[in-house]
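Reading through the structure tokens given below for one structure.
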Amino acid sequence: MAQDQGLGPCTSTYATVLQMISPAQKKALQTATVDPKRVVVRTPAKVEMPVDAVRASATFSESDLGSYTLEYLKNDWYITD
2 MAQDQGLGPC TSTYATVLQM ISPAQKKALQ TATVDPKRVV VRTPAKVEMP
52 VDAVRASATF SESDLGSYTL EYLKNDWYIT D
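According to our numbering, the sequence shown is numbered sequentially starting from 2.
What follows is the structure in structure tokens.
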């Protein structure tokens, strides 16, 4: 996870991602949903969420948001890959 690589906690590291997308995309993320059919559950505590699972009023590419592996660690979900 980014925090383990010295990049800081996920909450502040992801702020960098938000600086790289357009204002319209930022607004679209506020009401975005995830299509659960496109999420791959590896274990109950580890899921892979591809960018095409994001349903929003704006389009996102792999370079905008990317695909993420989410893991449930220490009582919370973290982006780990």
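For every residue, glycine included, the Cβ atom is placed at its ideal position computed from N, Cα and C.
L66 (DSSP reduced to helix, strand or coil): For the purposes of this step, residue 66 is identified with residue 65 of the sequence shown, where counting begins at 1. The answer is coil: DSSP assigns L66 none of H, G, I, E or B.
Y73 to V35 span [Cα, whole Å]: Residue mapping note: residue 73 aligns to position 72 of the sequence shown, counting from 1. Residue mapping note: residue 35 aligns to position 34 of the sequence shown, counting from 1. Rounded to the nearest angstrom, the two C-alpha atoms are 17 Å apart.
From L19, S68, K28, residue whose alpha carbon lies closest to that of P51: Along the sequence shown, one-based indexing puts residue 51 at 50. Cα-wise, what sits closest to P51 is S68.
Reference Q31, options K75, L71, S58, closest by Cα: Stepping through the sequence shown from its first residue, residue 31 is reached at position 30. Nearest Cα to Q31 within the set K75, L71, S58: S58.
Under the three-state DSSP convention, the category V52 falls into: Sequence index remark: in the sequence shown, residue 52 carries index 51 (1-based). Note: V52 maps to helix in three-state DSSP.
Counterpart residues of I80 in DSSP-defined beta bridges: Reading the sequence shown from its first residue, position 79 is the one you call residue 80. Answer is L71.
Where the alpha helix (DSSP H) through P24 begins and ends: The residue given as residue 24 occupies position 23 in the sequence shown. Per DSSP, P24 belongs to the alpha helix (DSSP H) from 24–30.
Cβ separation of L71 and I80, assumed to be a contact under 8 Å, to the nearest whole Å: Reading the sequence shown from its first residue, position 70 is the one you call residue 71. Reading the sequence shown from its first residue, position 79 is the one you call residue 80. Separation of the CB atoms of L71 and I80 is rounded to 6 Å, and the pair is thereby assigned contact status at 8 Å.
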